[in-house]
Amino acid sequence: MNGDLFADLEPGQGCEALGLDAFILRRFALPSEQLLWQDLQLVLARAPMRHMVTPGGFRMSVAMSNAGSLGWVSDKTGYRYDEIDPVSGLPWPAIPTSFMALAAQAAHHAGFKAFQPDACLINRYAPESKLSLHQDKNELDFTQPIVSVSLGLSATFLFGGALRTDKPLRTILQHGDVVVWGGASRLNYHGILPIKPGRHPLVGECRINLTFRHAGR
Ligand code: MD6
Ligand code: FE
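For what it's worth, my numbering labels the leading residue of the sequence shown as 535, then goes sequentially.
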């Protein structure tokens, strides 16, 4: 694996390469699905899902919330990480232990040791919701990877390059799949195509994505 600065382990079994320093761990979250689901409900009881507004004034089709000392927020003034949930006026709920364990294990499996997320963005996609191609660049520290956990309905994930014009790869993310990326791919463009309607036995008629990052100093 490339990127000695970022990793000094070799990726483990069941790691599918998506790009340089980017891996899919198929079904990695399945053994903890019940605990993750319970803990997610506790977080959402304190910080309910909401549709944020983009700096351009558009309501996002994806509903969002956060756990952790920093939460990703968007409003007319821009995108940022904030310690306070603007809806409740309170700090975001802590990242549950079950989430932290899964994120750290997945990162370790993909060759990134000592991942210490301080932000967990929770995305909920109803049918037809999508996320346009974007880069994740609001974090202060790009040396730590991102760990992304897919739950519920399947989605087509687009994984491009460092330029918006690089033709993206397409892969389907299913319930329990975990994507880990960092190093050379950390700033690659990516997105989610519109979700197709369906019903998942645990999650219902939507897709939930948990994205773990180290956003602060
Ligand atoms: C999603 N994910 O899967 C959207 N960003 O719902 C992301 O935007 C994302 O999956 C950075 C790293 C992994 C991701
Ligand atoms: Fe992203």
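All C-beta atoms, glycine included, are put in the ideal place defined by N, C-alpha and C.
- When DSSP states are grouped into helix, strand and coil, Ala660 belongs to the coil group.
- Shown here for Asp700: same chain residues with a beta carbon closer than 6 Å to its own, the five before and five after excluded, namely Gly694 in chain order.
- By the Cβ rule, the stretch 662-680 does not count as touching the stretch 622-629, because fewer than three pairs are nearer than 8 Å.
- Shown here, Phe562 sits in coil according to DSSP, grouped into three states, outside any helix or strand.
- For Thr631, the three-state secondary structure derived from DSSP is helix.
- The residues Pro651, Val681, Phe746, in chain order, have a CB closer than 6 Å to that of Ala637 in the same chain once the five nearest residues on each side in sequence are set aside.
- For Asp609, the enclosing beta strand (DSSP E) starts and ends at 605-609.
- Taking a cut-off of 8 Å on C-beta distances, the stretch 649-668 touches the stretch 600-617, as three or more cross pairs fall below it.
- Note that the C-beta distance between Gly710 and Arg561 is below 8 Å.
- For His642, the secondary structure class from DSSP, reduced to helix, strand or coil, is helix.
- Distance from the Cα of Leu569 is smallest, within the candidate group Ala551, Tyr723, Glu544, Met634, for Met634.
- Between Gly725 and Leu692 the beta-carbon gap is near 5 Å, inside 8 Å, which marks them as a contact.
- Cβ atoms of Lys730 and Pro630 stay farther apart than 8 Å, at about 29 Å.
- When the Cα atoms are used, Ala581 and Asp675 turn out to be separated by approximately 25 Å.
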